[in-house]
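Student: This is the structure, below, for whatever I ask next.
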């Protein structure tokens, strides 16, 4: 290529080039280079950008860049009512929208000082656990695909498809559900939906075993994950890891057990931990956790009582549609809630739940108005991603992919 | 309440001269303290063998718009030993919009504080890497402040010309 001389270069570019004193001729001879991974990279699970400094193929250091999917949900929340924000929670962790809906409803109910009827709470428990299974299936499938095993991805997605079918019957939407309401759920679980859930949990474990046989006996899969991205329990707590990533480091911390919400104190389940703290352990935790979820769903289906699915508290809870059309009182309450909001008392609360990715918390400040004064989303994906520089240091470039996959971040949630 | 008495006693042992205010709302214990004590108190809360608040769940701020101390920085910390959560609150004035960083106590505070700086413009002293978290580095405003309009400020981000 013919060389440009000084006059042919735009003066502005020339000025910038000359000002950059970091570049010297020696740099070109060094082994080190900076690799820009993402934001558009299939193995970063969304728009995550990592800047890696490499020596040969070894990662010397790493800087994650977030914000490519920042939509300003915290600002939006301050400008809309508590009801209007429910659909937005779908778009946080978009692999488990139901779990986010439940988390938001619980947080607002705590702020307003109300509680949903038992049947609604059992339904919420069932959908949270189904969402956990769906999310973990994607995590396992995507992790396997990241390290080169294509088949498992298709098999886990086949299972997830069945859960999406349950959503379809339950609330008419497969992906962005918005099924919960403040003080209950949108509609009662239909007999067909419950039958479908029963059918799903009966056949699930067999299918999971099938997937696991493909992975656990696969030498390439095991060797790509074993001993990769190790973090011990003490450091994991210090880095703020939660969820399967923390339990993979041997720390028995699960908010369902530690601070029970819904009816988790009434069902029997095990908190899965693995001591190794590597990517393989995180994968094992996820796979075993789906089995525990099946156990929880089975018990919840047995214990679920008949009864109301929406709290009868006209000042806080939207009445049912049919009643709005036929009764004057309900019409007035509907008008008041839609136009002026539910006005929780002045105060602030933090409510955290155990989501598939970790601890999802909402910090809400109310000034007694229809809109929250402040809404902070404590998203597990964002906090878990913070440990990436630490996990990838000294590993190979190809391990970075496995480590991201084992942390299972969802950028919709990390970027809010 | 048991937790409150325990923390009160530990605070008395270590910081007898300081003033701490406890409050409780919906079962959540809140400790309001002066912003100059935040690092001392949080390292005591983390390091004390009877308390062990090792998990820092969240750090954020609240903009009260017209109040004298405009911002409140809010910390949610969790003790796996006691199985309970504690909220720390420190008021920050708009004139001296800074507070000491607790990232030396909890490593996870690093990104939480970056985010708070990005959204509210509160500076965290001694922070190892105080950059913006989500917004572009050349962005001049802090979007979660109450005086930032919901629609954004025209011209603050470069858009394609007409």
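Protein chains in written order, with the numbering used here: chain A, 10 to 425; chain B, 35 to 196. From the three backbone atoms N, C-alpha and C, an ideal C-beta is built for every residue, glycine too. Model, not experiment: these values are computed from the prediction.
Here's a check: name, in chain order, each residue in its chain whose Cβ is nearer than 7 Å to the Cβ of residue 67 of chain B, leaving out the five neighbours to either side.
Tutor: Hits under 7 Å: 54, 75, 122 and 124.
Student: Need the endpoints of the alpha helix (DSSP H) that residue 159 of chain A sits in, please.
Tutor: 159-180 is the span of the alpha helix (DSSP H), which, as asked, contains residue 159 of chain A.
Student: Excluding the five sequence neighbours on either side, which residues of its own chain have a C-beta within less than 6 Å of the C-beta of residue 72 of chain A, listed in chain order?
Tutor: Here the set comprises 60.
Student: Distance cutoff 8 Å, beta carbons only. Does residue 94 of chain B sit that close to anything in chain A?
Tutor: Closer than 8 Å to some Cβ of chain A, the Cβ of residue 94 of chain B qualifies, so yes.
Student: How would you call residue 364 of chain A, buried or exposed, if buried means at least 16 neighbouring beta carbons within 10 angstroms?
Tutor: Result: buried.
Student: What's the gap between the Cα of residue 226 of chain B and the Cα of residue 106 of chain B?
Tutor: Limits of chain B in this structure are 35 at one end and 196 at the other, which puts residue 226 of chain B out of reach.
Student: For the stretch 275-334 of chain A, which segments carrying the alpha helix (DSSP H) assignment without a break, of at least 4 residues, lie completely within its bounds, in sequence order?
Tutor: With a minimum length of 4 residues, the continuous alpha helix (DSSP H) runs that stay inside the stretch 275-334 of chain A are 288-312.
Student: Under a Cβ-count criterion, where at least 16 other Cβ atoms within 10 Å of its own Cβ denotes burial, should residue 348 of chain A be classed as buried or exposed?
Tutor: Classification of residue 348 of chain A: exposed, given that the 10 Å Cβ count is below 16.
Student: Using only CA atoms, which one of A/266, A/342 and A/287 lies nearest to residue 277 of chain A?
Tutor: Comparing Cα-Cα distances from residue 277 of chain A to each of A/266, A/342 and A/287, the minimum goes to A/266.
Student: Restricting to runs no shorter than 3 residues, where is the beta strand (DSSP E) found entirely within the stretch 62-102 of chain B?
Tutor: Within the stretch 62-102 of chain B, the complete beta strand (DSSP E) runs of at least 3 residues are 62-67 and 89-97.
Student: Tell me residue 125 of chain B's beta-bridge partners as DSSP assigns them.
Tutor: In DSSP, residue 125 of chain B forms a bridge with B/106.
Student: Have a look at residue 220 of chain A and residue 165 of chain A and give me their C-alpha separation to the nearest angstrom.
Tutor: C-alpha separation (whole angstroms): 7 Å.
Student: Straight-line CA distance for residue 81 of chain B to residue 88 of chain B?
Tutor: Whole-angstrom Cα-Cα distance: 8 Å.
Student: Quick one: which residues of the stretch 214-246 of chain A get their C-beta closer than 9 Å to a C-beta of chain B? List them in chain order.
Tutor: The stretch 214-246 of chain A vs chain B, Cβ under 9 Å: 243, 244 and 246.
Student: Give the interface partners of residue 177 of chain B over in chain A, defined as CB-CB distance under 8 Å, in chain order.
Tutor: Those are 81 and 84, listed as they occur along chain A.
Student: Out of curiosity, what's the CA-to-CA distance linking residue 135 of chain B and residue 71 of chain B?
Tutor: One C-alpha to the other measures close to 11 Å.
Student: For the stretch 115-135 of chain A and the stretch 303-310 of chain A, state whether three or more C-beta atom pairs, one from each stretch, are separated by less than 8 Å.
Tutor: Cβ pair count under 8 Å is three or more, so yes.
Student: Which parts of the stretch 197-225 of chain A are runs of the beta strand (DSSP E), unbroken and 3 residues or longer, counting only runs that do not cross its ends?
Tutor: Qualifying beta strand (DSSP E) stretches: none in this window.
Student: Just to make sure I have the definition right: I need the residues of chain B whose C-beta is within less than 9 Å of the C-beta of residue 392 of chain A. Which are they?
Tutor: Per Cβ cutoff of 9 Å: 91, 92, 142, 145 and 146.
Student: Per the DSSP calculation, residue 359 of chain A is bridged to which residue(s)?
Tutor: Residue 359 of chain A is bridged to A/372.
Student: Kindly indicate if chain B contains any beta-carbon less than 8 Å away from that of residue 397 of chain A.
Tutor: Not one chain B Cβ lies under 8 Å of residue 397 of chain A.
Student: By the criterion of Cβ-Cβ separation under 7 Å, what are the contact partners of residue 387 of chain A in chain B?
Tutor: Chain B residues near residue 387 of chain A: 91 and 92.
Student: For the candidate residues A/243, A/210, A/263 and A/153, whose alpha-carbon lies nearest to that of residue 223 of chain A?
Tutor: Nearest of A/243, A/210, A/263 and A/153 to residue 223 of chain A, Cα basis: A/153.
Student: Look up residue 385 of chain A in the DSSP assignment and give the residues it is bridged to.
Tutor: Residue 385 of chain A pairs with A/372.
Student: Can you tell me which of the three DSSP states residue 147 of chain A falls into?
Tutor: The answer is helix: DSSP assigns residue 147 of chain A an H, G or I state.
Student: State buried or exposed for residue 334 of chain A, treating a residue as buried only when at least 16 other CB atoms are found within 10 Å of its CB.
Tutor: Counting Cβ neighbours within 10 Å, residue 334 of chain A comes out exposed, since fewer than 16 surround it.
Student: For residue 168 of chain B, decide whether its Cβ has a neighbour in chain A, counting only Cβ atoms nearer than 8 Å.
Tutor: So, interface residue.
Student: Check distances from the C-beta atoms of the stretch 85-116 of chain A to those of chain C and list, in chain order, the residues that come in under 7 Å.
Tutor: You won't find chain C in this structure, because its protein chains are A and B.
Student: Sorted by chain position, which residues of the same chain lie with C-beta nearer than 8 Å to residue 286 of chain A's C-beta, five sequence neighbours on each side aside?
Tutor: Once the five neighbours on either side are set aside, the close Cβ partners of residue 286 of chain A are 239, 240, 241, 242, 245, 257, 258 and 259.
Student: Just the Cα atoms here: how many angstroms apart are residue 411 of chain A and residue 45 of chain B?
Tutor: Whole-angstrom Cα-Cα distance: 45 Å.
Student: If contact means a Cβ-Cβ distance below 8 Å, which residues of the stretch 344-370 of chain A contact chain B?
Tutor: For the stretch 344-370 of chain A, which is checked against every Cβ of chain B, the residues closer than 8 Å are 356, 357, 358, 359, 361, 368 and 370.
Student: Determine the extent of the alpha helix (DSSP H) in which residue 53 of chain A is found, giving its start and end residues.
Tutor: Counting along the chain, residue 53 of chain A falls outside any alpha helix (DSSP H), and DSSP gives it neither H nor E.
Student: Return yes when at least one heavy atom of the ligand ATP lies under 7 Å from the C-beta of residue 148 of chain A, else no.
Tutor: With respect to the ligand ATP, the structure offers nothing, as it holds no ligand at all.
Student: Pick out the complete alpha helix (DSSP H) segments inside the stretch 80-144 of chain A, 4 residues or longer, and give them in chain order.
Tutor: Complete alpha helix (DSSP H) runs here, min 4: 82-87, 95-99 and 106-121.
Student: Do residue 70 of chain A and residue 58 of chain A have their CB atoms nearer than 8 Å?
Tutor: It is not a contact, given that the beta carbons lie outside the stated cut-off.
Student: Tell me whether the beta-carbon of residue 409 of chain A lies closer than 8 Å to the beta-carbon of residue 46 of chain A.
Tutor: A contact, by the Cβ cut-off of 8 Å.
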